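To keep things clear, I will list the structure first and then write my remarks on it.
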Amino acid sequence: MYSIFLLTKADQLQSLSSIKSRLISRFDPELLGNWSLDHFLFRSVEQDENKPQRFQHILRLGHRPGEAFVAVNQARDKGDASSTKDHVITIPSNQLSSFTTLLRDRFVSLWTPRVSLRVTSGQAYRAGEFVVRIGELRQTGGQQPLRGVVCSIETKVASTSGGQEPNQDHEVHDVEKTVLLETWKRIGEDGAKEVFDAYATDEKCEAGFDEARLWCSILQLRA
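Okay, so the sequence shown: first residue is 1 according to UniProt numbering, each after it adds one.
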């Protein structure tokens with residue numbers, strides 16, 4: 001199970017130290033180390049203005065150091081409730097820079113660069129059954145303006161609702177959502193702009209793809 005909480009209001013941008021303090025005082029967590037994230041976003045150049053635009057994401061997660069994710073969201077008309085997952089592949093993390101440069105220099109007629117984001121001052125903690133990752137979300141380049149504070153909460157504990165395996169749509173039951181939300185309430189701030197509740201991911205099948213989709217969906221809102 002995986003959730004991401006994003007704070008973007010002006011009076012919330014300096015809340016990282018407060019969140020860390022509450023996490024440490026209320027959970028006495030184990031510090032796992034520094035944590036980072038890089039996200040590059042490209043928007044499709046569509047000749048037909050009636051055709052929905054697509055976005056291509058390039059994502060590197062510090063806790064998955066060997067790979068980077070490339071995700072292309074499928075064009076959907078407004079109101080389309082399709083549950084079809086967006087396409088995601090992985091590339092070696094050491095190819096992230098060259099792949100991004102290739103898109104910018106050679107495919108500019110197809111993809112327009114948007115805002116790039118990076119997590120700074122990030123740290124990861126283990127608090128019992130949870131892994132909490134927090135950091136400041138900054139725009140890259142220039143003076144690196146602060147765009148938000150992000151916190152992800154992950155737990156490998158299976159749902160207590162009947163002890164069943166996650167269904168094929170990786171839906172998270174209400175009891176699982178409650179656990180994640182209650183954890184955030186103990187350490188976080190009121191008024192998180194968005195809360196995304198992840199599907200229960202089977203690592204053997206997904207290898208982080210669902211997690212990558214989740215990050216891309218929330219980071220696209222800040223681009």
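The beta carbon of each residue, even a glycine, is placed where N, CA and C say it ideally should be.
Remember, it's a predicted structure, so these values are computed and weren't measured experimentally.
Residue i and residue j: beta carbons closer than 8 Å?
i: I187; j: R22; result: yes
i: F4; j: L214; result: At residue 4 the sequence reads Ile, which differs from the Phe that was named. Closer than 8 Å, so yes.
i: G122; j: Q12; result: no
i: V132; j: A212; result: no
i: L180; j: H39; result: no
i: R114; j: P29; result: no
i: R118; j: T90; result: no
Quick check: what's the CA-CA separation for residue i versus residue j?
i: S97; j: S36; result: 16 Å
i: V15; j: S116; result: Residue identity differs from the one stated: residue 15 is Ser in this sequence, not Val. Approximately 22 Å between the Cα atoms of the pair.
i: A124; j: E49; result: 43 Å
i: L137; j: P145; result: 9 Å
i: F130; j: T155; result: 5 Å
i: L111; j: F42; result: Per the sequence shown, residue 111 should be read as Trp rather than Leu. The straight-line gap from Cα to Cα measures roughly 6 Å.
i: E46; j: Q53; result: 7 Å
i: Q143; j: L6; result: 21 Å
i: V175; j: N94; result: 39 Å
i: G33; j: H63; result: 10 Å
What is the DSSP secondary structure of residue i, reduced to helix, strand or coil?
i: Q139; result: strand
i: Q56; result: strand
i: S159; result: Only weak support is given to the placement of S159: the predicted model assigns it a pLDDT of 46, under 50, and the value that follows is read from those uncertain coordinates. S159 falls in the coil class under three-state DSSP.
i: A192; result: coil
i: residue 269; result: Outside the shown range of the chain (1 to 223) lies residue 269, about which nothing can therefore be said.
i: T100; result: helix
i: V115; result: coil
i: L219; result: helix
Quick check: the segment 95-110 against the segment 207-215, are at least 3 beta-carbon pairs closer than 8 Å? no
Threshold first: 4 residues or longer. Then list the alpha helix (DSSP H) segments lying entirely within the segment 14-48, N to C. 16-27
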